[in-house]
Amino acid sequence: MLKGKFCKILVLIIIISIAANVGCSNKNEDNKTIAYISSNEGSEYENTFKELNLGLLFDFNFKLSRADKSWVNLWVEGYSNGKAIKPFPLIQLSQGLSPEQFEEGKIGFGIINSNKNPLFFLYSTGASVGPLAIDNNFFVDSGISSWDYAIRSETVGLEYGEEMVLAVYRQGKESLRTAYDYQDPESIKKIIDEDITVLLLKIKVTKKNEL
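Below, the structure written as structure tokens:
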């Protein structure tokens, strides 16, 4: 019990330090591209999670242009045996209309190991949600699991209204197919249909007048 409380406190400290790590930038490379994102695999936060055996962490670098006129939505969808898991999404974080025109910082998703159901949390520039326990035992005890970034360290652009998969967590019985294109809707559908459990971390940026 004490160990569980210690893990939660430690994770909260990490989340706060990540959420507070916000910067500003005045670069805007493309008029149509509103945001720029890249995976931060092997980051200090991710390595801390691994070293302390806390669970999994997907960490990203994120830059947002026109932050004062934009709304950022970050969420996790869950699927079990091809069907959506309730609540849907499992967890979500929404924020926007910043007082700054440009923002740069971190966003990400974490799964914390616990004695009961895993705890989920999301974080972004200046905000966080969780850790939350999901009241649905969809993880399997046997079989194999796999997790991967859906984008790499190369910076990719995101336009208004574009939905992008950032990370994927999968569980299967005996084997898991690889070499999927995580940005292809048909590939994602195959993963959901073939695997036992699938978690998808997604992001979308909308305009103020589209809220």
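Start counting at 1 in the sequence shown, then tack on 35, and there's your number in this note's numbering. Built from N, CA and C at the ideal position, the CB exists for glycine as well. If you're wondering where the values come from, they're calculated on a predicted model, not measured in any experiment.
Where residue i and residue j are concerned, what is the direct C-alpha to C-alpha distance, given to the nearest angstrom?
i	j	result
residue 235	residue 126	11 Å
residue 174	residue 154	12 Å
residue 157	residue 164	5 Å
residue 118	residue 229	11 Å
residue 147	residue 141	19 Å
residue 71	residue 116	33 Å
residue 160	residue 192	18 Å
Going by DSSP, name the residue or residues bridged to residue i.
i	result
residue 200	237
residue 183	203
residue 164	157
residue 216	Beta-bridge pairing links residue 216 to no other residue.
residue 111	126 and 236
residue 169	For residue 169, which the question treats as bridged, DSSP gives no partner whatsoever.
residue 99	70 and 138
residue 93	144
Indicate the three-state DSSP secondary structure (helix, strand or coil) for residue i in the structure shown.
i	result
residue 122	coil
residue 153	coil
residue 244	helix
residue 69	strand
residue 230	coil
residue 78	coil
residue 62	Bear in mind that the predicted position of residue 62 carries a pLDDT of just 45, short of 50, making it unreliable; the figure below should be weighed with that in mind. The answer is coil: DSSP assigns residue 62 none of H, G, I, E or B.
residue 177	coil
residue 105	strand
residue 194	strand
In chain order, what residues of the same chain lie with their CB nearer than 7 Å to the CB of residue i, ignoring the 5 residues before and after it?
i	result
residue 102	133, 135, 136, 137 and 138
residue 188	73, 74 and 76
For residue i and residue j, which I take to be in contact (beta-carbon distance under 8 Å), what is that distance rounded to the nearest angstrom?
i	j	result
residue 74	residue 184	4 Å
residue 201	residue 186	6 Å
residue 207	residue 179	6 Å
Ordered along the chain, which non-local residues of its own chain (more than five positions away) have a Cβ less than 8 Å from that of residue i?
i	result
residue 231	115, 116, 175, 178, 206, 207 and 208
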